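Undergrad: Residue numbers (numbering that gives the first Met the number 0), protein chains in the order written: chain A, 0 to 463; chain B, 0 to 474.
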Amino acid sequence: MPPVKQLWFSALNKPHVRDKYVQRVREIDKKIGSFLSFKLEEQDWTALGRKPLGGVPVAVKDNIAVRGRKLTCGSRILENFVAPYTATAIRRLENAGALVVGKTNMDEFGMGSSNEHSALGRTSNPWDLQRVPGGSSGGSAAAVAAGLVPLAVGSDTGGSVRQPANFCGIYGFKPTYGSISRYGLTAYASSLEVIGLFAVDIRLLETAFETMHAEDEFDQSSFSTNISGSEVKKIAMLDIDPGMLETPVAEAYTQAAQILRERGYVVEKVNLVTLKFVIPSYYTIANAEASANLARFDGIRYGSGSGYSQNPINLIKEARSRGFGDEVKLRILLGTYVLRSGFKDQYYIKAQRVRTLIRKELGVLLRNYPLLLMPVFPTQAFLRADSEMDNYKQRLSDIFTCLANLAGLPALSVPIGINRGLPTGVQFVAPAFGEKSLFDIARGFSEVFPVQFPPGALEIERMR
Amino acid sequence: MNSSLKIFIGLEIHIHLKTESKMFCPCSAHYGDEPNTNICPICLGYPGTLPLLNERAIEHGYLVARALGCRLSNRISFARKNYFYPDMPKNYQISQHNHPVGIGGTIEVDFNDLGAKRIRIHNVHLEEDAGKMIHANDATLLDYNRAGYPLLEIVTEPDLSRGEEAELFLRDFQRLVRYLKVSDGNMEEGSMKCDANISINLPGRGLGTKVELKNMNSPRFVRLALGYEIERQSKLFNSGGEIVQETRLWNENRDITLPMRRKETPDDYRYFPEPDMPSFVSNAAFLKRIENQLVELPLAKKRRLQSEYDLKVEQAEFIHNDIAMVTLFEDTVKSGASARNVAAWLSSDVRKLLNRDKRTLADTPLNASRFSSLLTLVDQGRISGKIAKNVLKDIFSEDADPESIVEKKGWFQISDPNELGKIVDQVVSQNPDVIEIISGGDSKQKSWLMGEIMRVSNGKAAPELAKKILDERIG
Chain A
0 MPPVKQLWFS ALNKPHVRDK YVQRVREIDK KIGSFLSFKL EEQDWTALGR
50 KPLGGVPVAV KDNIAVRGRK LTCGSRILEN FVAPYTATAI RRLENAGALV
100 VGKTNMDEFG MGSSNEHSAL GRTSNPWDLQ RVPGGSSGGS AAAVAAGLVP
150 LAVGSDTGGS VRQPANFCGI YGFKPTYGSI SRYGLTAYAS SLEVIGLFAV
200 DIRLLETAFE TMHAEDEFDQ SSFSTNISGS EVKKIAMLDI DPGMLETPVA
250 EAYTQAAQIL RERGYVVEKV NLVTLKFVIP SYYTIANAEA SANLARFDGI
300 RYGSGSGYSQ NPINLIKEAR SRGFGDEVKL RILLGTYVLR SGFKDQYYIK
350 AQRVRTLIRK ELGVLLRNYP LLLMPVFPTQ AFLRADSEMD NYKQRLSDIF
400 TCLANLAGLP ALSVPIGINR GLPTGVQFVA PAFGEKSLFD IARGFSEVFP
450 VQFPPGALEI ERMR
Chain B
0 MNSSLKIFIG LEIHIHLKTE SKMFCPCSAH YGDEPNTNIC PICLGYPGTL
50 PLLNERAIEH GYLVARALGC RLSNRISFAR KNYFYPDMPK NYQISQHNHP
100 VGIGGTIEVD FNDLGAKRIR IHNVHLEEDA GKMIHANDAT LLDYNRAGYP
150 LLEIVTEPDL SRGEEAELFL RDFQRLVRYL KVSDGNMEEG SMKCDANISI
200 NLPGRGLGTK VELKNMNSPR FVRLALGYEI ERQSKLFNSG GEIVQETRLW
250 NENRDITLPM RRKETPDDYR YFPEPDMPSF VSNAAFLKRI ENQLVELPLA
300 KKRRLQSEYD LKVEQAEFIH NDIAMVTLFE DTVKSGASAR NVAAWLSSDV
350 RKLLNRDKRT LADTPLNASR FSSLLTLVDQ GRISGKIAKN VLKDIFSEDA
400 DPESIVEKKG WFQISDPNEL GKIVDQVVSQ NPDVIEIISG GDSKQKSWLM
450 GEIMRVSNGK AAPELAKKIL DERIG
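1. Could you name the residues that DSSP lists as bridge partners for B/ASN196?
2. Just mark A/GLN426 as buried or exposed, buried being the case when its beta carbon has 16 or more other beta carbons within 10 Å.
3. Looking at chain A, is there any beta carbon in it that lies within less than 8 Å of the beta carbon of B/LEU169?
4. Which chain B residues are close to A/LEU184, counting only those with a beta carbon under 7 Å from its beta carbon?
5. B/TRP249 by DSSP, collapsed to three states: which one?
6. Quick one: grab the DSSP three-state call for B/GLY104.
7. If you run the structure through DSSP and keep just helix, strand and coil, what is B/ASP309?
8. Compare the C-beta of B/LYS89 against all C-beta atoms of chain A and say whether one is closer than 8 Å.
9. Which full runs of the alpha helix (DSSP H) of 4+ residues lie inside the stretch 126-160 of chain A, going along the chain?
10. Have a look at A/ALA140 and A/ILE398 and give me their C-alpha separation to the nearest angstrom.
11. For A/LEU370 versus A/VAL248, is the C-beta spacing smaller than 8 Å?
12. For the beta strand (DSSP E) holding B/SER94, just list the boundary residues, first then last.
13. How long is the line joining the alpha carbons of B/ILE382 and B/LYS333, rounded to whole angstroms?
14. Using a Cβ-Cβ cut-off of 6 Å (strictly less than) and excluding sequence neighbours within five positions of B/LEU140, which residues of its own chain qualify?
15. A/LEU47 to B/GLN95, Cα distance in whole Å?
16. Less than 8 Å between the C-beta atoms of A/GLY134 and A/THR103, yes or no?
17. Using a Cβ distance threshold of 8 Å, determine whether the stretch 368-383 of chain A contacts the stretch 421-441 of chain A, with at least three qualifying pairs required.
18. Just to confirm my understanding: we take B/ARG74, look at its own chain, exclude 5 residues before and 5 after, and list those with CB closer than 8 Å. What are they?
19. If you measure between the beta carbons of B/ALA342 and B/TYR308, is that distance less than 8 Å?
20. Terminal residues of the continuous beta strand (DSSP E) containing B/ASP86?
21. For A/GLU245 and A/SER229, I'd like the C-alpha separation in whole angstroms.
22. DSSP three-state label for B/ASP362, please.
23. Between the Cα of A/GLY67 and the Cα atoms of A/GLU216, A/ASN79 and A/SER136, which residue gives the shortest distance?
24. Going by Cα to Cα distance, which pick from A/GLN379, A/PRO374 and A/LEU203 is closest to A/ALA256?
25. Could you check if A/ARG394 is buried or exposed, using at least 16 other CB atoms within 10 Å of its CB as the buried criterion?
26. Are B/ILE386 and B/GLU397 closer than 8 Å when you measure CB to CB?
27. Can you look up A/ALA294 in the DSSP assignment and give me helix, strand or coil?
28. Buried or exposed for B/HIS59, going by 16 or more other Cβ atoms inside 10 Å?
29. Counting along the chain, where does the beta strand (DSSP E) carrying B/GLU127 start and finish?
30. Taking all protein chains shown into account, decide if B/GLY410 is buried (16 or more other Cβ within 10 angstroms of its Cβ) or exposed.
31. Taking CB distances under 8 Å as the criterion, tell me whether B/PHE285 reaches chain A.
32. Just to confirm, are B/GLU402 and B/SER372 a CB contact at a threshold of 8 Å?
33. Where does the unbroken beta strand (DSSP E) through B/HIS492 begin, and where does it stop?
34. Span of the alpha helix (DSSP H) holding B/GLY450?
35. Give me the chain E residues within the contact set of A/TYR301, using Cβ-Cβ distance strictly less than 7 Å, ordered along the chain.
36. Under the DSSP definition of a beta bridge, which residues are partnered with A/ASP325?
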């Protein structure tokens, strides 16, 4: 069992520490705003002690269903929606003893890279409250970075776990598409997204992933394929025009390569000719799928509407106009556009062809190199309402994270210390179901760069 | 109608597949239950739920496609058909687009006096049904029992040219799905629906402007609606008027079609592949299972009934209409009964009882062993043909074997000469005036006496013997 598990279990096993813990979470989260709801429920603590994740509090992104809890997706339209069932991945965590303590804030329906597109609250980066935690799983990242929980669940459609993990200085893991059931994850872009994990500790992360990884009868795109890893000697490093990266990010990137070389790995620069098509392909497919996935929020069964109208189309129009935020509306409109007859061939179909090319190029690359090193995001956590980082630029900046989603590959963002007061990091991409290689390489890095906490974070080891 | 115009009619037929569970979730697909009792997060489209493929529905789909002579797809996949409708939980329908179950078949249909014709099938594809809206005063209620019910859509090429043909095609297709046991195929109850596309044009000019007809709840209404449209469009066409591309609804109270909505541009459903479900790939074992479920199709059956058993056209037509009737016929013949006799019974007395009770054969207690023992009783002279009709009625109403019915009711023929002699004597002695007339040379009155003998014996007197005894008595 990971020591972090023992640490949390032995602290929370004591009733008075539990009370203190809850109180402290509330105090800290007043500033951070990571949770939309928080509640530590009564448990049989004797039984929990024997379970692999027994007593580990877990935060869950609010687009993943937990029975009896709200499932807002950060949207006005689902503000009062309560899930009648639990996502398979969460049920598996709970069976292993993990305790869902709350649901976390997010960009509405997962659409955004800053958490500024949540309709239900503001989340700050624990390292600098003026800055964003990243997104769309920003609440989960911030909760882990502030020490409120050691483990959190998010979803990664185009980097929504890895980028906020990178902004907050913790591990952010996107598994192979299909390795964790999506049953219970509110769909945004079904063919791209997976349930992912945030953690302060790589062993805890690995245990949680092993717990969640299984074929699920309720998700026919899930597989129980064995997780493997090959012996890594050579690592590919994406050759990047230095102008693309902010200085601290470029420094972390170089530093990561240097550490790898020092540890005896061969690091070779590589190019991906398809890289420049990643963003258009990704957004075309994601928006197209979103336009269908979000159609069910119409004020009739899902979403709050007036409940009365002379005709159903008005009812639907009103509920959607009022209930969705601007970014969501934009993506639905774009997604509808790229699927229209007469336009589908030049947009959606072309994007799918490009996706196949990207997949193939990465496939070939990862046959020669068992790991690919890349930056996560061109910048460190940016300021809230940053004019330098408008919505359009944020979308362009998803280039390094979207790649793994288009190809369905596992990727892990790894912290590389604090630079100029803010976390930095890199990410590794592995072949499908090759997660072990990711965990191994991250374990090596953790000796040099263990996860650091910002001042004012919750320190469970000091609660007695 | 201007006979120089060419008429193109194509049908889009939907059938509800008879599966235990729905298309994409484990909910019961049972019909007619209390509203909103067969529902779950999946068929209600709850956020986060994913569709689960029902392999039984796929089997049914392949079977129909195979029977219609389609090219079977090795790999089938699903697509999302996007449109907003209040009774559709996800606001998209999971359907098939690029890789349907079957493409490009043909089926021969016998249009009776119009002759037999091969109708081409465009494709056969699977999809899910939506819920149902119930309008009550100023509110609309929704019942989702039907949401996710498995549907099979069969699209024909525009090869039909008359309303009568469409009706006969539909009736033959109903028989086909019932023979294959994949659907009830009942349009009145909604387990089968049919929309029709019709266009007219001068010969050699190809298709005309397409008008879509909906809301026809029986094959008969399909015929009537098409007949009305052919009249309407022909008149318009010949008078130089414009035929508008639109959807029209059949109004069964007024026997006319009325425009529903104009289609300025064709519907754009923005199809794209369903990302939540892998493709289904058929293998040899699967295809073998399909072959094993294939049966002799209705038209072949009808022709064989005529040729092999020498039945009249109307008899074969009637018997092949119901697969249970065919089975009863063939099993009864197999047990030794004469085919023409069996056919005559089925198409007259059995048919009358079914019509009287508004039942189908499968719902009745009549089976081959009862039927053949009934016919044997007649053949052996143990009951009369007239009594046999009563026995048949009792089989229907009492669910009992013919022997025990006849036994219980004391309906066996009286064929003992002594016993019958007494009855004849009684009738003769009671009617001296009639005997006198007969003696006077008017032998026609003999048959009146025979009638009396039958009446007194409650119809049980063996007719031949009774006649012989009567002749002896009155010389």
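Glycine included, every Cβ here is placed at the ideal spot set by N, Cα and C.
Computed from a prediction, not measured in an experiment: that's the story for all the values here.
TA: Taking the geometry as given:
1. B/GLY9 and B/GLU211.
2. Within a 10 Å sphere around the beta-carbon of A/GLN426 sit 16 or more other beta-carbons, which makes this residue buried.
3. Cβ-Cβ to chain A under 8 Å: no for B/LEU169.
4. Within 7 Å Cβ-Cβ: GLY47.
5. Three-state DSSP puts B/TRP249 in a strand.
6. Here DSSP, grouped into helix, strand and coil, assigns B/GLY104 to strand.
7. In the three-state reduction of the DSSP assignment, B/ASP309 falls in the coil class.
8. So yes, B/LYS89 belongs to the interface.
9. Within the stretch 126-160 of chain A, the runs of alpha helix (DSSP H) that reach at least 4 residues and sit entirely inside it are, in chain order, 137-144.
10. Rounded to the nearest whole angstrom, the CA to CA distance from A/ALA140 to A/ILE398 is 20 Å.
11. With a cutoff of 8 Å on beta-carbon distance, A/LEU370 and A/VAL248 are scored as not near each other.
12. In the DSSP assignment, B/SER94 falls within the beta strand (DSSP E) that extends over 91-94.
13. The alpha-carbon atoms of B/ILE382 and B/LYS333 are separated by roughly 22 Å.
14. Excluding residues up to 5 positions away in sequence, ILE133 lie with their Cβ nearer than 6 Å to the Cβ of B/LEU140 in the same chain.
15. Taking the Cα positions, A/LEU47 is about 47 Å away from B/GLN95.
16. The Cβ atoms of A/GLY134 and A/THR103 lie no closer than 8 Å to each other.
17. In short, these stretches touch, since the Cβ pair count reaches three.
18. Within the same chain, HIS98, SER278, PHE279, VAL280 and SER281 come within 8 Å of B/ARG74 by CB-CB distance, once the 5 residues on both sides are set aside.
19. Pairing B/ALA342 with B/TYR308 gives a Cβ-Cβ distance under 8 Å.
20. B/ASP86 -> no beta strand (DSSP E), and no H or E assigned at all.
21. A/GLU245 and A/SER229: Cα-Cα distance of roughly 33 Å.
22. Of the three classes helix, strand and coil, the one that applies to B/ASP362 here is helix, per DSSP.
23. Selection A/GLU216, A/ASN79 and A/SER136 evaluated against A/GLY67 yields A/ASN79 as nearest (Cα-Cα).
24. Ranked by Cα distance from A/ALA256, the options A/GLN379, A/PRO374 and A/LEU203 are led by A/PRO374.
25. With 16 or more other Cβ atoms within 10 Å, it is buried.
26. No, the pair does not count as a contact, with Cβ atoms beyond the cut-off.
27. Looking at A/ALA294 - three-state DSSP - the assignment turns out to be helix.
28. Result: buried.
29. Counting along the chain, the beta strand (DSSP E) containing B/GLU127 begins and ends at 115-127.
30. Residue 410 of chain B is actually Trp in this sequence, not Gly. Under a 10 Å Cβ-count criterion, B/TRP410 is classified as buried, with 16 or more other Cβ atoms of the shown protein chains found around its own Cβ.
31. Chain A places no beta carbon closer than 8 Å to that of B/PHE285, leaving this residue out of the contacts.
32. In contact: B/GLU402 and B/SER372 (Cβ atoms closer than 8 Å).
33. Outside the displayed span of chain B (0 to 474) sits residue 492 of chain B, for which this structure offers no information.
34. Start and end: 444-455.
35. As a matter of chain content, chain E is missing from the structure shown, whose protein chains are A and B.
36. In DSSP, A/ASP325 forms no bridge with anything.
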